[in-house]
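Numbering (our numbering), first residue to last: 2 to 110. For glycine and all other residues, C-beta sits at the position ideal for the given N, C-alpha and C. Bear in mind that the values here come from a model prediction, so they are computed numbers and not experimental data.
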């Protein structure tokens, strides 16, 4: 199956797309995330990074409970798009990134 094909050829880490659809901020993480990551872990010893739709600290914490790494893209891009011309861009983006990091650290500590 596709999972076995990918893990046999993977190197470094496995990036798991947490849901189907278009990337971007989502209200919730897939309900079956824990089961899917556990299934993937049964096929590989590589670290597993999960992303695609992670947009706030609560979601990052939930993903961190199951994955080795949390990938956040659209939420940061949205901050840049919203405040790109503002003097406060760096401050606003760093507030989000720090909150995401603290959420992940609270699980990984």
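Nearest-angstrom Cβ-Cβ length linking residue 31 and residue 19, presumed shorter than 8 Å: Between residue 19 and residue 31 the Cβ distance is about 5 Å, and since that is below 8 Å, they are a contact.
Residue 15 (DSSP reduced to helix, strand or coil): DSSP places residue 15 in strand when its eight states are reduced to three.
Cβ-Cβ separation, residue 51 to residue 38 (assumed contact under 8 Å), whole Å: 7 Å between Cβ atoms; contact.
Sequence-distant residues of the same chain with beta carbon closer than 8 Å to residue 15, five excluded per side: By the criterion of a C-beta distance shorter than 8 Å, residue 15 is surrounded in its chain by 7, 8, 41, 45, 47, 48, 49 and 50, once the five residues flanking it on both sides are discounted.
Where residue 106 falls, given that 16 or more other Cβ within 10 Å makes a residue buried: When all chains shown are included, residue 106 counts as exposed.
Cβ-Cβ distance between residue 82 and residue 73 below 8 Å: No Cβ-Cβ contact shorter than 8 Å links residue 82 with residue 73.
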